[in-house]
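Asker: If you scroll down you'll find the structure; I have some questions about it.
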Amino acid sequence: MRKHVSALALVAGLGFLASPAFAYTVYVSNEKDNTVTILDSATMQVTKTINVGQRPRGITISHDGKFVYLCASDDDTIEVIDTATLQIVDTLPSGPDPELFVLSPDGKTLYVANEDDNLVTVIDIESKGVLAEIPVGVEPEGMGISPDGKTMVNTSETTNMAHFIDTATHEITDNVLVDSRPRFVEFTPDGKEAWVSAEIGGTVSVIDNATREVKHKITFEIPGLRAEAIQPVGVRITADGKKAYVALGPANRVAVIDTATYEVQKYVLVGQRVWQLAFTPDQKTIISTNGVSNDITFIDVATDEPVQSVTVGALPWGVVVSPN
Amino acid sequence: MNSPVQGKSIGASATPIAAPDFGLYNYLVCLKGVLVREGLRFLNQRERFISSLVRPLLWLFIFAAGFRQVLGVSIIPPYKTYVLYEVYITPGLCGMILLFSGMQSSLSMVYDREMGNMRTLLVSPFPRWFLLVSKLLAGVVVSIAQVYVFLAIAWFWDVKAPPVGYLMVLPALFLAGLMLGALGLLLSSLIKQLENFAGVMNFVIFPMYFASPALYPLWRVQESSPLLHKICQLNPFTYAVELIRFAFYGQIEWTSLAVVIGFTAIFLAAAIIAYDPSRGLVIRKQDAGGNG
C-alpha cells in the first residue's frame, strides 16, 4: 500500500508540474443501456462505448490498470474487461445480483455485495474461486475496506447497519446502527474512520474504527431544496485525508466536507441524481455520475468548481479512473 | 459644455457642419468636458447609483432565488456544465443595467432640453454628431462602471466567471452599451416631454427585456411559443445579452457581435439625423421615424 501511496504522490507531483492534467482513462457503467462509456480525462471527451452484461453497476479497476471489474447485476456475474482491447475476457463467480464491490488493497481479493441474497461474497481473483460467503443484513450494498486491508465494512440497506468484517476470519466483528438505507462506505486514508452514507436518512455517519461507534453525524442543508431531496450516496475522501466529497442524489449536488471539522464547505452543482464519485489518480479532478441527466460532471478539486458535464450512456451508475 | 471654444487649433479639422476649424485637441477637451459632467452628475446623485444597482440585485437575490428550482437545468453554450439560475441571469442583468442606463440618459436628454442644459451643449460650435457621440460615450462609461460594481457584488454571491471573462466582457459591455445608448438617443429625439418617459418604460424597456434570453434561455421560449421565439430573435437586446454572456466566459459570439455593431450604426445614424440642427422639429420626427 505504501508503494501505491508514494506512487500516487509522485504522479500527483508530476501532474502538478505538468498542467494541463495527465490523461487518464475514465470508465462509466451505464445501468440502463448495458454499456460502459470510456472517456479521456484530459479532453473530457467520450472515446468509446462498449456493450457489457445486463444492468452494469459497480465498477472498479485492478491496481495495474489492466483489468476493469464490472458488476453485471442482472447477469449475476462480474465481468472482467481487458483495458487494452476493451473486450470482456473473463467472468468471476459473484453470486446473485452483485451490485457493488471493493477490491482489497493488495489487489487480490474482491468483496462483493449480493443485494438479493443478503450475502457478501469473497472472491479470489487469480483462482476465480469463492473464498467465503458471509451472511449480512438485508439488502447488502455499500462496501468499504480499510487501507491496511484488515477490516471490511458492508452496509445493509434494509437493516440500516454497517457490518464490520474481519478479512482474516471473514466474521462480522461489529454491527453499527446508522441511519436509514446506508449506501456506501469509505475509509479515511489513515484508516481511523469509516464514513457511511444513508440515502433516506440524509446523513453521513462517521464511525470510529477503533471503538466502532458513530462519533459524528454529518447533515446537509441546501437552501431551496426539500430535505427529502438530499440523499447521500457515493463518498470519496482525498488521499491527503483533508476533504470528503459526498454525492447527494436527487439534490443534484456534491457536498464538499472538511474532514477535520465535518462541516460542509460547499455544494457543487452537477447533473440530476448524482450517484457515485471517483478521483483521477492525480487527485486534481473528481468525477460524478448523474443518473437521470445521463451525464458525468468533472469537478476541479482545487477550486471545487464544476468544470464540464459530458453526456454518457443511459443512467450512468458507477465510475472508475485508470491508475495510469 | 464649458468647452473652450477659443482654443488653439492643431492639425487638420474634421468636416463639421459650418463649424470653426477645430483640432483634435479641441475635440478631446470637449469630450472630456462631457464625460466629466456625466461622471460628476452620476457621483453627485448617489440615489441614482444605488437605485441602478438595487434593480439588478433584487433580481439576483430574490427573483433568482425563488426560481432556482423551477426553471430546469440544461447545458447550453457557453456553459459547459450545469449552472444555477442566478449564474444564468447575471449576463442578462448586466444587459439590464445597460438598457436602463441607456434609457435613463435619453431621459436626461429630454430633461436637459427642457431645462436648458442641453441647449448650452447644443449651441456649442462643435458638430452636432460629435456632441451626441460624446454624450453617448459618457453614458456608456458610467453604465459600465455600474455593471462592474454589480459583478463585484455578484462575485460574493458565488456568481463567478473565469478571470479572463472580466476583461473580455469589457468590450462586449461597451458595444452593447453603445447600441442601447444610441437607441436611447434616438428615442429622446422623439420624446417631446419628460412625462413620456413612462411610455418608453412600457413600450421599449420591458418588452426588450422580457423578449430576450436575459431571464430564460431561448430554447425554453421556443418550447412554449414559436412566435415569441421569433420576436426574441428580432430583438436587438437579445444579441446584446448573448454577446455579454459569451464574453463573460471568454468567448466571442460572432453573430451577436455583428448584430450589435449593425444596430449601433443604424441607431446612431438615425439619432444624428434626428438631431440635425438644419431640420425642424417636425421634419426631424418624420425622419427619425423613417430611419428608426
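Chains as they are written, first to last, in the working numbering: chain A, 40 to 363; chain B, 229 to 520.
Built from N, CA and C at the ideal position, the CB exists for glycine as well.
Determine whether the Cβ of Val282 of chain B lies closer than 9 Å to any Cβ atom of chain A.
Answerer: No, no contact with chain A.
Asker: Which term fits Asp341 of chain B, buried or exposed, when burial requires 16 or more other beta carbons within 10 angstroms of its beta carbon?
Answerer: Just to set this straight, residue 341 of chain B is Arg in the shown sequence, not Asp. Buried.
Asker: Beta-carbon within less than 8 Å of Arg312 of chain A's beta-carbon, same chain only, minus the 5 sequence neighbours each way: which residues are those?
Answerer: Gly288, Pro289, Asn291, Asn329, Gly330, Val331 and Ser332
Asker: Which residues of the stretch 304-316 of chain A have a Cβ closer than 8 Å to any Cβ of chain B? Give them in chain order.
Answerer: Leu308, Val309, Gly310 and Gln311
Asker: Leaving out five residues before and five after Phe431 of chain B in sequence, what residues of the same chain have Cβ atoms less than 6 Å from its Cβ?
Answerer: none
Asker: Whose C-alpha, out of A:Leu142, A:Val161 and A:Met83, is nearest the C-alpha of Ile184 of chain A?
Answerer: A:Leu142
Asker: Pull up the DSSP beta-bridge partners for Trp385 of chain B, would you.
Answerer: Under DSSP, no beta-bridge partner is assigned to Trp385 of chain B.
Asker: At 3 residues or longer, what runs of the beta strand (DSSP E) sit wholly inside the stretch 195-268 of chain A?
Answerer: 200-205, 210-216, 221-226, 232-237, 242-247 and 252-258
Asker: My output table needs one value for Ile489 of chain B: the three-state DSSP class, helix, strand or coil.
Answerer: helix
Asker: Distance, Cα to Cα, Pro132 of chain A vs Lys167 of chain A?
Answerer: C-alpha separation (whole angstroms): 7 Å.
Asker: If we ignore side chains and look at the alpha-carbon of each, how far apart do Phe476 of chain B and Lys308 of chain B end up?
Answerer: 13 Å
Asker: Figure out for me which residue from A:Gly352, A:Phe106 and A:Ala123 has the closest Cα to the Cα of Ile117 of chain A.
Answerer: Of A:Gly352, A:Phe106 and A:Ala123, the residue nearest in Cα terms is A:Phe106.
Asker: Distance check for Val217 of chain A and Pro174 of chain A, CA to CA, integer angstroms please.
Answerer: 19 Å
Asker: Cβ of Glu344 of chain A less than 9 Å from any chain C Cβ?
Answerer: Note that chain C does not occur in the displayed structure, where the protein chains are A and B.
Asker: Give the straight-line distance between the Cα atoms of Lys209 of chain B and Phe378 of chain B, rounded to the nearest whole angstrom.
Answerer: Residue 209 of chain B cannot be examined here, being either before or after the span of chain B that is shown, 229 to 520.
Asker: Could you tell me the boundaries of the beta strand (DSSP E) in which Pro271 of chain A lies?
Answerer: Here Pro271 of chain A belongs to no beta strand (DSSP E), and DSSP marks it neither H nor E.
Asker: What residues in the stretch 268-295 of chain B have a beta carbon less than 8 Å from any beta carbon of chain A?
Answerer: For the stretch 268-295 of chain B, the set of residues with a beta-carbon nearer than 8 Å to any beta-carbon of chain A comprises Ala293, in chain order.
Asker: Which first and last residues belong to the alpha helix (DSSP H) in which Arg195 of chain B is found?
Answerer: Nothing about residue 195 of chain B can be reported from this structure: the residues present for chain B run from 229 to 520 only.
Asker: Tell me the DSSP secondary structure of Thr243 of chain B in three-state form.
Answerer: Confidence is the limiting factor: at Thr243 of chain B the pLDDT is only 46, short of 50, which leaves the residue's position unreliable and the question unanswerable from this model.
Asker: Between A:Lys71, A:Val85, A:Asn73 and A:Thr74, which has its C-alpha nearest Tyr63 of chain A's C-alpha?
Answerer: Checked all of A:Lys71, A:Val85, A:Asn73 and A:Thr74; the closest Cα to Tyr63 of chain A is A:Val85.
Asker: Closer than 7 Å by beta-carbon distance: list the chain B residues that pair up with Thr324 of chain A, in chain order.
Answerer: Neighbours of Thr324 of chain A on chain B: none; closest Cβ ~13 Å, over 7 Å.
Asker: In chain B, which residues lie less than 7 Å from Thr336 of chain A when you measure between Cβ atoms?
Answerer: Thr309
Asker: Find out if the Cβ-Cβ distance for the pair Val169 of chain A, Val161 of chain A is shorter than 9 Å.
Answerer: yes
Asker: From the DSSP output, which residues share a beta bridge with Thr74 of chain A?
Answerer: A:Asn69 and A:Asn90
Asker: Identify which residue in A:Ser348, A:Met83, A:Val285 and A:Thr76 has its Cα closest to the Cα of Ile98 of chain A.
Answerer: A:Thr76
Asker: Are the beta-carbon atoms of Ile372 of chain B and Leu401 of chain B separated by less than 9 Å?
Answerer: yes
Asker: At least one CB of chain B closer than 9 Å to the CB of Pro289 of chain A: is that the case?
Answerer: no
Asker: Between Leu403 of chain B and Val488 of chain B, which are expected to be in contact by the criterion C-beta below 8 Å, what is the C-beta distance as a whole number of angstroms?
Answerer: 5 Å
Asker: Met331 of chain B and Trp287 of chain B: beta carbons closer than 9 Å?
Answerer: no
Asker: On the CB-based measure, 16 or more other CB atoms within 10 Å of its CB, does Gly518 of chain B come out buried or exposed?
Answerer: Here the model assigns Gly518 of chain B a pLDDT of 41, short of 50, so the residue's position is not dependable, and the following value carries that caveat. With fewer than 16 other Cβ atoms within 10 Å, it is exposed.
Asker: Is the shortest distance between the beta-carbon of Ile303 of chain B and the beta-carbons of chain A less than 9 Å?
Answerer: Yes, Ile303 of chain B lies at the interface with chain A (some Cβ there is under 9 Å from its Cβ).
Asker: Could you pull the start and end residues of the beta strand (DSSP E) that Lys458 of chain B belongs to?
Answerer: Counting along the chain, Lys458 of chain B falls outside any beta strand (DSSP E), though it belongs to the alpha helix (DSSP H) covering Pro454 to Leu462.
Asker: In this structure, what does DSSP give as the bridge partners for Met182 of chain A?
Answerer: A:Asn193
Asker: Name, please, each residue of chain A whose Cβ falls closer than 7 Å to the Cβ of Leu312 of chain B.
Answerer: Leu308
Asker: Considering only the beta carbon of each residue, do Val303 of chain A and Ile239 of chain A sit closer than 9 Å?
Answerer: no
Asker: Quick check on this structure: which residue in B:Arg265, B:Leu285 and B:Ile290 has the alpha carbon closest to the alpha carbon of Pro262 of chain A?
Answerer: B:Ile290
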